Amino acid sequence: MPKIPVEISARHIHLSQKDLDALFGKGFKLKKIKDLSQPGEFASSQTVELIGPKSSYKKVRVIGPVRKNTQVEITATDCRVLGINAPVRLSGNVKGSAQATIKGPKARIKLKQGVIIAQRHLHLSAEEAKKLKVRNNQKVSVRIKGERSITFHEVVVRAGRQYKKACHLDTDEGNSAGMKTCEYGELVK
Ligand SMILES: [Zn+2]
């Protein structure tokens with residue numbers, strides 16, 4: 006069984022330049038504190054408050070670089086806490102997704118869409134996909150071993166030049182499988 010690094014994504018937000026300008030000030034640049042596994046992606050030192058009808062999370066990490074569209078990725082548990090009904094979506098597919106209010110140091114903005122529960126997925130470079138004999142958009146399964154062993158199905162392959170091998174789960178999924186961050190799973194086709 007091919008070994009796959011599994012990473013747990015905490016709740017986070019990607020911002021468009023327009024929303025970054027509004028929240029932090031015109032022409033603001035995100036300050037990198039840590040590179041993430043996917044080439045070019047980084048955790049910034051910036052955080053925002055994510056506000057729903059029922060409650061809010063004060064320090065939601067902003068992930069860089071800026072993107073075309075603002076996107077908030079939260080868990081199903083977060084949805085309950087906030088009072089937001091977000092759909093499960095692949096990153097980038099935000100059309101008609103849930104609303105929320107975002108508060109930064111300079112302003113508070115209302116997102117008309119962009120809040121999603123990220124669909125579990127497996128990043129692979131083109132060469133890694135070829136080696137594992139899977140295609141972009143194919144659904145595979147990833148088995149996590151241990152005392153709360155689980156096999157996750159419906160894991161969407163995201164293969165392309167810009168990616169590197171890593172399966173991304175959210176904290177609900179990671180906790181359900183008894184995972185700490187960055188363990189390994191096994192690819193089950
Ligand atoms: Zn990912």
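Position 55 (the sequence shown) corresponds to 60 in my numbering; numbering is contiguous.
Beta carbons: idealized from backbone N, C-alpha and C, even for Gly.
Here the structure is a predicted model, which is why all the values come from computation and not from measurement.
DSSP three-state assignment for residue i, whether helix, strand or coil
i           : result
residue 133 : helix
residue 145 : strand
residue 69  : strand
residue 86  : helix
residue 43  : coil
heavy atom of ligand 1 below 7 Å from residue i C-beta
i           : result
residue 118 : no
residue 17  : no
residue 143 : no
residue 76  : no
residue 96  : yes
residue 43  : yes
residue 158 : no
Separation of residue j from residue i, as counted between CA atoms
i           : j           : result
residue 22  : residue 35  : 10 Å
residue 123 : residue 84  : 12 Å
residue 44  : residue 70  : 11 Å
residue 183 : residue 31  : 43 Å
residue 77  : residue 152 : 31 Å
residue 105 : residue 94  : 16 Å
Per DSSP, the bridge partner or partners of residue i
i           : result
residue 37  : 49
residue 94  : 123
residue 78  : 17 and 121
residue 8   : 191
residue 128 : 163 and 171
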